[in-house]
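If you read the sequence shown in UniProt numbering, its first letter stands for residue 1, the second for the next number, and so on.
Quick reminder that beta carbons are idealized off the backbone N, C-alpha and C, glycines included.
Bear in mind the structure is a predicted one, so any value in this text is a computation, not a measurement.
First comes the structure, then the notes that go with it.
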Amino acid sequence: MPHATGDMKMTIRQRSPQQPIEAPSTDPQPDRIRIKNRRKRYLDLHPEYFQTAEIELADPLLYDRLVRRFQSAAEREKEGRERGFTGSMETDLVRSEAKLEALQHPDPNSPMVYKRAQDGSIVGVEADEEFRPRTKEDAWAMWTDVMEQRFLRGDDRDFDYAVVDRNEEFDDRAEEDRSQLEDYVGREDAQFVGEGLPTGETGVQDF
């Protein structure tokens with residue numbers, strides 16, 4: 001019976017070891033993302049934020065364009081009574097100052113641009129034609145969106161953000177779990193694509 005010699009070689013392709021699959025990360029979200037999520041959660045739970053009298057003063061010119069312009073005479077009268085004489089005078093003053101400020105120092109985050117008309121008055125127009133609302137509902141949606149982005153950026157100087165930013169009660173646990181799962185699945189898919197098709201024992205012998 002012949003015996004194998006050194007000239008006879010047998011090669012068996014063996015399965016390459018697979019890289020261990022990482023478990024979902026349990027590290028906390030970056031502070032910037034967590035804080036933004038908490039602020040968004042706060043607004044979801046407190047829609048009355050957009051209906052306070054003070055919110056108008058955040059951007060009185062945009063408020064005039066998106067909210068006041070669509071109010072009925074009765075709604076304006078009711079708003080004036082709630083604000084009172086002193087409040088109305090303050091709002092008019094802030095509005096006048098805001099026009100000069102918007103003309104001299106345009107806000108890059110504002111959807112409006114302002115210019116001086118031939119009669120000397122300061123008028124505002126939409127920077128983007130698509131931003132111009134056609135209905136009262138569209139205008140209100142645009143107003144709340146602009147105010148929401150302002151709040152998320154931390155630009156509301158009258159709001160105590162520490163009450164929200166440091167409060168774990170505003171964490172959306174379900175959303176965080178979903179984000180972690182999506183991140184885990186994405187890493188797993190990327191790993192599989194990077195390795196290509198799995199290789200194993202072929203049973204082929206070369207003599």
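Residue i - DSSP class collapsed to helix/strand/coil
i: residue 124; result: strand
i: residue 67; result: coil
i: residue 114; result: strand
i: residue 161; result: coil
i: residue 58; result: coil
i: residue 17; result: Any reading at residue 17 is ruled out, since the residue's pLDDT is 48, under 50, leaving its predicted position unreliable.
i: residue 155; result: coil
i: residue 37; result: helix
i: residue 166; result: coil
Candidates the options, of which the one nearest residue i by Cα
i: residue 34; options: 109, 87, 172, 79; result: 172
i: residue 157; options: 45, 59, 38, 51; result: 59
Euclidean distance between Cα positions of residue i and residue j
i: residue 141; j: residue 114; result: 22 angstroms
i: residue 187; j: residue 170; result: 28 angstroms
i: residue 52; j: residue 91; result: 13 angstroms
i: residue 36; j: residue 152; result: 6 angstroms
i: residue 159; j: residue 103; result: 26 angstroms
i: residue 122; j: residue 163; result: 38 angstroms
i: residue 76; j: residue 54; result: 16 angstroms
i: residue 50; j: residue 155; result: 14 angstroms
i: residue 22; j: residue 185; result: In this prediction, residue 22 has a pLDDT of 46, which is less than 50 and means its spatial position is unreliable; what the coordinates show is noted afterwards. Each residue's Cα considered, the two are about 10 angstroms apart.
i: residue 68; j: residue 133; result: 13 angstroms
i: residue 125; j: residue 131; result: 10 angstroms
i: residue 108; j: residue 99; result: 15 angstroms
i: residue 48; j: residue 144; result: 11 angstroms
i: residue 168; j: residue 46; result: 16 angstroms
i: residue 101; j: residue 93; result: 12 angstroms
i: residue 84; j: residue 97; result: 20 angstroms
i: residue 166; j: residue 128; result: 37 angstroms
i: residue 120; j: residue 40; result: 41 angstroms
i: residue 64; j: residue 86; result: 19 angstroms
i: residue 74; j: residue 32; result: 43 angstroms
Buried versus exposed call for residue i [16 or more other C-beta atoms within 10 Å across all chains shown]
i: residue 137; result: exposed
i: residue 56; result: buried
i: residue 111; result: buried
i: residue 146; result: buried
i: residue 38; result: buried
Within 8 angstroms, strictly: CB atoms of residue i and residue j
i: residue 95; j: residue 62; result: no
i: residue 66; j: residue 148; result: no
i: residue 80; j: residue 72; result: no
i: residue 70; j: residue 117; result: no
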